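This report concerns only the one structure given below.
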Amino acid sequence: MHGKIFSYDEARALIDTVREKTEFANERLQAFRSMLRAVPGDSPKARKMNEWIETVIAEWSREILACGAVPKGLWTVDFDSGAGYFYCWTLGENDLGHFHNYEEGFQGRRPISDIQRRSTPHLLN
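The numbering used here puts the sequence shown at residues 26 to 150.
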C-alpha cells in the first residue's frame, strides 16, 4: 500500500481534523447540489456547478492525502495500519471504530474490537 503507516492511536488523533475537513466539504457539496437542482441540467450554469462539485471532492481528497490517509469513495477515509488492514472512518461517525482488510474494502468493515479478539495486538500499536 502507499502513504503513511498509522498506529491506531495516530489515526484516531487525526479524526477531528478529518471530520472537520469532511464536514466542510460535504456542506459545500450539498449547497452546490441544491443550487444545481434549480437549473436546467444541460445549461452552462449546470455544467459550471458540476465542475464546482468535482472541485470540492478533489480538494477534499488532496487534503486527506496531505494528512497521510487515503480518501475512499465519498467521505470515507482509510488509515493504513501497515499490517494488511485499514482503520476506516466515514462521515457521521464520531470516532475511529472500524477496520477492514486491504481486499475487502468498506463492505468488509468490522468493529475495531474484532482486532483484539483475533489476538493481533500489533494492529493497535
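All residues carry an ideal CB built from backbone N, CA and C; glycine is no exception. Owing to the predicted nature of the structure, the values given are computational and were not obtained by experimental measurement.
Would you report the Cα separation of residue i and residue j, rounded to the nearest angstrom?
{"i": "arginine 135", "j": "proline 65", "result": "42 Å"}
{"i": "leucine 54", "j": "isoleucine 78", "result": "6 Å"}
{"i": "glutamate 129", "j": "isoleucine 140", "result": "15 Å"}
{"i": "phenylalanine 49", "j": "methionine 74", "result": "17 Å"}
{"i": "methionine 26", "j": "isoleucine 89", "result": "Here the model assigns methionine 26 a pLDDT of 47, short of 50, so the residue's position is not dependable, and the following value carries that caveat. Between methionine 26 and isoleucine 89, the C-alpha separation is close to 16 Å."}
{"i": "glycine 109", "j": "alanine 71", "result": "42 Å"}
{"i": "glutamate 118", "j": "glutamate 52", "result": "16 Å"}
{"i": "tyrosine 112", "j": "glutamate 84", "result": "22 Å"}
{"i": "threonine 115", "j": "serine 138", "result": "17 Å"}
{"i": "histidine 125", "j": "glutamate 76", "result": "32 Å"}
{"i": "histidine 43", "j": "histidine 123", "result": "Per the sequence shown, the amino acid found at residue 43 is valine instead of histidine. Distance between the alpha carbons of valine 43 and histidine 123: 15 Å."}
{"i": "glutamate 45", "j": "glycine 133", "result": "25 Å"}
How would you call residue i, buried or exposed, if buried means at least 16 neighbouring beta carbons within 10 angstroms?
{"i": "aspartate 41", "result": "exposed"}
{"i": "threonine 80", "result": "exposed"}
{"i": "phenylalanine 68", "result": "Correcting the residue identity first, residue 68 is serine in this sequence and not phenylalanine. Exposed."}
{"i": "alanine 38", "result": "exposed"}
{"i": "aspartate 103", "result": "buried"}
Can you check DSSP and say which residues form a bridge with residue i?
{"i": "tyrosine 112", "result": "Phe104, Phe124"}
{"i": "proline 96", "result": "Val102"}
{"i": "arginine 135", "result": "Phe124"}
Taking residue i and residue j to be in contact with their CB atoms under 8 Å, please state how far apart those CB atoms are, rounded to whole angstroms.
{"i": "phenylalanine 31", "j": "aspartate 105", "result": "6 Å"}
{"i": "phenylalanine 131", "j": "glycine 107", "result": "The pair is not a contact, with the Cβ atoms about 19 Å apart (cut-off 8 Å)."}
contact_flag[the stretch 93-101, the stretch 56-65] where n(CB pairs < 8 Å) is 3 or more: no
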